[in-house]
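Okay, so the sequence shown: first residue is 333 according to the working numbering, each after it adds one.
Notes follow once the structure below has been shown.
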Amino acid sequence: MRPTGRLHLGHYHGVLKNWLELQHEYECFFFVADWHALTTHYEDPSIIPGSIREMVIDWLAAGINPGSATLFVQSQVPEHAELHLLLSMITPVGWLERVPTYKDQQEKLKEHDLSTYGFLGYPLLQSADILIYKAGRVPVGEDQIAHVELTREVARRFNHVYGREPDFELKAEEAKKKMGKKNAKLFDSLKRRYQEQGDQEALAVARALLEGQGNITMADRERLLGYLEGGGRVILPEPQALLTKASKMPGLDGQKMSKSYANTIALRDSPAEVEKSLRTMPTDPARVRRTDPGDPEKCPVWQFHQVYSNDEVRTWVQEGCRSAGIGCLECKQPVIDGVLAELLPMQQRAHEYEAQPDLVRSVLNEGCEKARDVARETIDEVRHAMSLVMA
Numbered sequence: 333m334r335p336t337g338r339l340h341l342g343h344y345h346g347v348l349k350n351w352l353e354l355q356h357e358y359e360c361f362f363f364v365a366d367w368h369a370l371t372t373h374y375e376d377p378s379i380i381p382g383s384i385r386e387m388v389i390d391w392l393a394a395g396i397n398p399g400s401a402t403l404f405v406q407s408q409v410p411e412h413a414e415l416h417l418l419l420s421m422i423t424p425v426g427w428l429e430r431v432p433t434y435k436d437q438q439e440k441l442k443e444h445d446l447s448t449y450g451f452l453g454y455p456l457l458q459s460a461d462i463l464i465y466k467a468g469r470v471p472v473g474e475d476q477i478a479h480v481e482l483t484r485e486v487a488r489r490f491n492h493v494y495g496r497e498p499d500f501e502l503k504a505e506e507a508k509k510k511m512g513k514k515n516a517k518l519f520d521s522l523k524r525r526y527q528e529q530g531d532q533e534a535l536a537v538a539r540a541l542l543e544g545q546g547n548i549t550m551a552d553r554e555r556l557l558g559y560l561e562g563g564g565r566v567i568l569p570e571p572q573a574l575l576t577k578a579s580k581m582p583g584l585d586g587q588k589m590s591k592s593y594a595n596t597i598a599l600r601d602s603p604a605e606v607e608k609s610l611r612t613m614p615t616d617p618a619r620v621r622r623t624d625p626g627d628p629e630k631c632p633v634w635q636f637h638q639v640y641s642n643d644e645v646r647t648w649v650q651e652g653c654r655s656a657g658i659g660c661l662e663c664k665q666p667v668i669d670g671v672l673a674e675l676l677p678m679q680q681r682a683h684e685y686e687a688q689p690d691l692v693r694s695v696l697n698e699g700c701e702k703a704r705d706v707a708r709e710t711i712d713e714v715r716h717a718m719s720l721v722m723a
């Protein structure tokens with residue numbers, strides 16, 4: 333997670349609640365992506381240290397347990413940067429340019445100069461973040477699947493270039509000759525298009541070409557598939573996307589909850605601030621007067637009821653709003669009560685961590701050391717594979 337400072341209910345329902353479950357099911361690494369923050373906001377990094385501290389306090393207060401998961405700061409594990417550099421040697425620029433979020437972010441952040449090498453390469457830094465721990469699963473939403481796919485392609489290419497069996501390429505070339513000159517030439521063309529440009533259509537056509545070859549053995553077919561996709565010894569395992577449940581947490585105006593929309597409720601907002609925010613949030617425009625009937629589906633408050641209220645309360649809202657039997661302030665009260673009840677234990681824990689900054693620092697220091705131990709093992713293996721060792 334990028335260091336954005338204090339977190340809000342959107343972060344809690346969209347990310348942290350998933351992390352709370354995952355930390356008991358897997359060996360988890362949760363880190364503050366401070367280098368990623370620099371890819372779009374490099375002009376003023378002075379706010380990053382404070383933002384890290386505030387964000388990690390909210391992680392801990394929400395229940396992320398340093399005894400169950402490893403919590404650390406990206407920049408304190410330099411192996412991430414080294415692996416990013418080494419992977420950049422084999423990653424085609426075209427692979428980075430076709431990542432969907434590359435152009436999306438340029439459109440959304442027009443006020444920032446994003447014509448930098450760092451911004452172009454941030455998906456590869458994400459790949460290094462994943463591969464340095466040989467992660468098997470990466471918890472992402474649907475909009476991030478393309479980043480995991482890029483990581484899989486990079487790992488496949490790395491293993492293909494540096495993890496081949498002895499005489500692998502020679503054996504693959506011999507197998508290719510058995511396909512005949514025309515098919516062998518087509519295979520070479522498709523392989524080049526996929527490996528140099530990331531052309532998925534070329535990959536699919538090449539796989540179909542191999543499946544249709546009746547004059548090569550199963551072993552040769554598998555060898556050629558490895559030659560096409562990246563085969564041999566697996567140094568960097570290909571991770572799988574672990575799709576997380578989508579957040580239903582709306583903002584105060586019905587849009588996605590986001591600081592950029594100024595529609596958030598922070599996890600450490602005081603009860604008075606929470607109550608004021610919810611009492612003044614907009615409702616169905618049709619309800620100008622108390623006696624006007626409304627439609628919950630057109631009211632942002634209804635989206636909060638879907639998160640915080642049970643079936644009985646939601647039925648009460650539907651009937652009362654449509655008949656003007658209840659007013660908007662009455663309708664909001666169960667939401668206010670639900671949000672305050674959810675935030676109370678988190679805020680109590682947050683106050684304890686705020687009073688013990690050394691404890692927060694200690695959690696991160698221990699996590700960084702634990703992460704570095706794992707990262708060092710991977711980078712040593714990578715250096716040996718790439719012959720970056722002293723003779």
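A virtual CB, placed ideally from N, CA and C, is assigned to each residue, including glycine.
Residue 574 beta carbon less than 8 Å from that of residue 490: Position 158 of the sequence shown, counting from 1, holds the residue named residue 490. Position 242 of the sequence shown, counting from 1, holds the residue named residue 574. No, the pair does not count as a contact, with Cβ atoms beyond the cut-off.
With 16 other Cβ atoms within 10 Å as the buried cut-off, status of residue 722: In the sequence shown, counting from the first residue as 1, residue 722 sits at position 390. So residue 722 counts as exposed.
Helix, strand or coil at residue 514 [DSSP, three-state]: If you number the sequence shown from 1, residue 514 lands on position 182. Reduced to three states, the DSSP call for residue 514 is helix.
Buried or exposed (CB count within 10 angstroms, at least 16 for buried), residue 484: Your numbering for residue 484 matches position 152 in the sequence shown. Label assigned to residue 484: buried.
Rounded straight-line distance, which links the Cα of residue 619 to that of residue 469: For the purposes of this step, residue 469 is identified with residue 137 of the sequence shown, where counting begins at 1. For the purposes of this step, residue 619 is identified with residue 287 of the sequence shown, where counting begins at 1. Their Cα atoms are separated by approximately 48 Å.
Best match in 607, 632, 612, 353 for proximity to residue 581 [C-alpha to C-alpha]: Walking along the sequence shown from the start, residue 581 turns up at place 249. Nearest of 607, 632, 612, 353 to residue 581, Cα basis: 632.
Counted within 10 angstroms of its Cβ, other Cβ atoms place residue 449 as buried (16 or more) or exposed: For the purposes of this step, residue 449 is taken as the residue at position 117 of the sequence shown. Residue 449 should be labelled exposed.
Close Cβ partners of residue 686 (< 7 Å) along its chain, the five nearest in sequence each way excluded: Position 354 of the sequence shown, counted from the start, is the residue given in the question as residue 686. Cβ within range, chain order: 389.
Outcome for residue 455 when other beta-carbon atoms lying within 10 angstroms are tallied against a minimum of 16: For the purposes of this step, residue 455 is taken as residue 123 along the sequence shown, with counting starting at 1. With 16 or more other Cβ atoms within 10 Å, it is buried.
C-alpha gap between residue 457 and residue 365, whole angstroms: Numbered from its first residue, the sequence shown carries residue 457 at position 125. Numbered from its first residue, the sequence shown carries residue 365 at position 33. So the two alpha carbons sit approximately 10 Å from each other.
Closest residue to residue 465 among 707, 717, 714, 713 (Cα-Cα distance): On the sequence shown, residue 465 is found 133 positions in, with the first residue counted as 1. Ranking 707, 717, 714, 713 by Cα distance to residue 465 puts 707 first.
Cross-strand partners of residue 598 (DSSP beta bridge): Within the sequence shown, residue 598 is the residue found at index 266, counting from 1. Answer is 340, bridged to residue 598.
CB-CB length for residue 338 against residue 600, believed under 8 Å: Start at 1 with the first residue of the sequence shown, and residue 338 comes out as number 6. Start at 1 with the first residue of the sequence shown, and residue 600 comes out as number 268. Correct: roughly 6 Å between the Cβ atoms.
Nearest candidate by alpha-carbon position, reference residue 335, set 527, 538, 591, 639: Start at 1 with the first residue of the sequence shown, and residue 335 comes out as number 3. Here the closest residue by C-alpha is 591.
Residues bridged to residue 360 (per DSSP): By one-based count along the sequence shown, residue 360 stands at place 28. Residue 360 pairs with 401.
Anticipated Cβ contact below 8 Å, residue 423 with residue 703, distance rounded: Taking the first residue of the sequence shown as position 1, residue 423 is located at position 91. Taking the first residue of the sequence shown as position 1, residue 703 is located at position 371. Their Cβ separation, rounded to whole angstroms, is 23 Å, which puts residue 423 and residue 703 out of contact at 8 Å.
Residue 471 - DSSP class collapsed to helix/strand/coil: As a first step, residue 471 must be located in the sequence shown, where it is residue number 139. Note: residue 471 maps to strand in three-state DSSP.
Beta strand (DSSP E) segment containing residue 413, residue limits: Position 81 of the sequence shown, counting from 1, holds the residue named residue 413. Per DSSP, residue 413 belongs to no beta strand (DSSP E); it is in the alpha helix (DSSP H), 411-420.
Beta-carbon spacing of residue 717, residue 559 below 8 Å: If you number the sequence shown from 1, residue 717 lands on position 385. If you number the sequence shown from 1, residue 559 lands on position 227. For residue 717 and residue 559, no; Cβs fall outside 8 Å.
Residue 675 versus 587, 622, 395, residue with shortest Cα-Cα distance: As a first step, residue 675 is located in the sequence shown; it is residue number 343 there, counting from the start. The shortest C-alpha separation from residue 675 is found at 395.
Exposure of residue 692, with buried meaning 16 or more beta-carbon neighbours within 10 Å: Against the sequence shown, residue 692 aligns to sequence position 360. Classification for residue 692: buried.
Sub-8 Å separation of residue 635 and residue 699 beta-carbons: Numbered from its first residue, the sequence shown carries residue 635 at position 303. Numbered from its first residue, the sequence shown carries residue 699 at position 367. Not in contact: residue 635 and residue 699 (Cβ atoms no closer than 8 Å).
Of the residues 625, 645, 481, 595, the one placed nearest residue 572, counting alpha carbons only: For this step, residue 572 is matched to residue 240 along the sequence shown. Ranking the options by Cα distance to residue 572, first place goes to 481.
Simplified DSSP state of residue 335, which is helix, strand or coil: The residue labelled residue 335 in the question sits at position 3 within the sequence shown. In the structure shown, residue 335 sits in coil (DSSP, three-state: anything other than H, G, I, E or B).
Residue 584 - DSSP class collapsed to helix/strand/coil: Residue 584 sits at position 252 when you count from the first residue of the sequence shown. Looking at residue 584 - three-state DSSP - the assignment turns out to be coil, as it is neither helix nor strand.
Ordered list of alpha helix (DSSP H) runs contained in the stretch 518-560, each at least 4 residues: 532-543
Distance between beta carbons of residue 405 and residue 384, contact taken as under 8 Å: Residue 384 sits at position 52 when you count from the first residue of the sequence shown. Residue 405 sits at position 73 when you count from the first residue of the sequence shown. Right, the Cβ-Cβ distance comes to about 6 Å (below 8 Å), so this counts as a contact.
Alpha carbon of residue 577 to alpha carbon of residue 501, nearest angstrom: For this step, residue 577 is matched to residue 245 along the sequence shown. For this step, residue 501 is matched to residue 169 along the sequence shown. Cα to Cα, the separation comes out at about 43 Å.
Nearest-angstrom beta carbon gap, residue 354 and residue 360 [assumed within contact, 8 Å]: In the sequence shown, the residue the question calls residue 360 occupies position 28. In the sequence shown, the residue the question calls residue 354 occupies position 22. Contact flag correct, Cβ pair sits at about 6 Å.
Short Cβ contact (8 Å threshold) for residue 510 with residue 552: Here residue 510 is taken as the residue at index 178 of the sequence shown, counted from 1. Here residue 552 is taken as the residue at index 220 of the sequence shown, counted from 1. Yes, Cβ-Cβ distance for residue 510 and residue 552 is below 8 Å.
Integer-rounded CB distance, given that residue 340 should sit under 8 Å from residue 597: For the purposes of this step, residue 597 is taken as residue 265 along the sequence shown, with counting starting at 1. For the purposes of this step, residue 340 is taken as residue 8 along the sequence shown, with counting starting at 1. Confirmed, about 6 Å.
C-beta atoms of residue 487 and residue 416 nearer than 8 Å: In the sequence shown, residue 487 corresponds to position 155, counting from 1. In the sequence shown, residue 416 corresponds to position 84, counting from 1. Not a contact, by the Cβ cut-off of 8 Å.
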